[in-house]
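Peer 1: Residue numbers (the numbering used here): 41 to 287.
Here a beta-carbon is modelled for each residue, glycine too, at the ideal position from N, C-alpha and C.
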């Protein structure tokens, strides 16, 4: 049995998961996504497992995880992400997030993540593991990306997996104008003319596989993704032009 704190923005999802996990004999407490409530709930737990999503607009999962870990060293954090790019961003940059799930993850995967994290391990869905390996290999093997700053690389990754400018800005806590400044800088450095070509480049160099590229478009965050499902499918099925090298 695990001791779980649920802090999800959707009341329906929170109530449903709360009921199901209790039936599975877990000790579960539902709270609002507020640091004080989460901290209070964790006080009486031996190894608190926090399942939290990205609906808190005042504090990111990254900030929340760091803050809680300083007060509760044994707490484990499972991030419930709406988008693959969000999960990749956290996995690559945040050591205090112990596990990852998606909003569409099934109960079996939720239980597996809770079990692994409770035992001191780290859990990632298969699609996230695959995407992260490709991303790391991309940076190691392809000198065309060596001139990118950490922020440029981060925004390139988020654009390539279909995130909108407003969502990137919100995710990174920067302005939309700053996101667009980095986008145009990426166009110049990588010798491309738009976001679709950036996606081609990500696919060409192995960041995205055809199947993964299609799956990325199935769960966009926001109303209008930079790369929609139709575009992603076309990119995945087309022959790849060569970008990234100026003549």
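Do you know whose CA, among 76, 156, 187, 172, lies nearest residue 127's CA?
Peer 2: The shortest Cα separation from residue 127 among 76, 156, 187, 172 belongs to 172.
Peer 1: Could you compute how far the alpha carbon of residue 176 sits from the alpha carbon of residue 69?
Peer 2: Going by the C-alpha atoms only, they are around 37 Å apart.
Peer 1: Taking the Cβ atom as the reference point for each residue, do residue 108 and residue 124 lie within a distance shorter than 8 Å?
Peer 2: For residue 108 and residue 124, no; Cβs fall outside 8 Å.
Peer 1: Taking the alpha-carbon positions, what's the residue 112 to residue 58 distance?
Peer 2: If you take the alpha carbons of residue 112 and residue 58, they lie about 23 Å apart.
Peer 1: Can you list, in chain order, the residues of its chain whose CB lies under 7 Å from that of residue 102, leaving out five sequence neighbours each side?
Peer 2: The residues are 130, 134.
Peer 1: Thinking C-alpha only, which one of 115, 62, 55, 93 is nearest residue 82?
Peer 2: Out of 115, 62, 55, 93, 115 has the C-alpha closest to the C-alpha of residue 82.
Peer 1: Could you check where the alpha helix (DSSP H) with residue 70 kicks off and where it finishes?
Peer 2: Run containing residue 70: none in the alpha helix (DSSP H); it sits in the beta strand (DSSP E), 67 to 70.
Peer 1: What is the DSSP secondary structure of residue 151, reduced to helix, strand or coil?
Peer 2: Of the three classes helix, strand and coil, the one that applies to residue 151 here is helix, per DSSP.
Peer 1: Under a three-way DSSP split, which group does residue 163 fall into?
Peer 2: In the structure shown, residue 163 sits in a strand (DSSP, three-state: E or B).
Peer 1: Residue 75 and residue 104 - do their beta-carbons sit closer together than 8 Å?
Peer 2: In this structure, residue 75 lies closer than 8 Å to residue 104 by Cβ.
Peer 1: Of the residues 60, 43, 233, 44, which one's Cα is nearest the Cα of residue 146?
Peer 2: Ranking 60, 43, 233, 44 by Cα distance to residue 146 puts 60 first.
Peer 1: Starting from residue 76 and walking both ways along the beta strand (DSSP E), at which residues does that stretch end?
Peer 2: Segment 75 to 82 is the alpha helix (DSSP H) holding residue 76; no beta strand (DSSP E) there.
Peer 1: I'd like the span of the beta strand (DSSP E) that includes residue 185, first residue to last.
Peer 2: From DSSP, residue 185 is part of no beta strand (DSSP E); its letter is neither H nor E.
Peer 1: Just mark residue 51 as buried or exposed, buried being the case when its beta carbon has 16 or more other beta carbons within 10 Å.
Peer 2: Looking at its Cβ environment, which holds fewer than 16 other Cβ atoms inside 10 Å, residue 51 is exposed.
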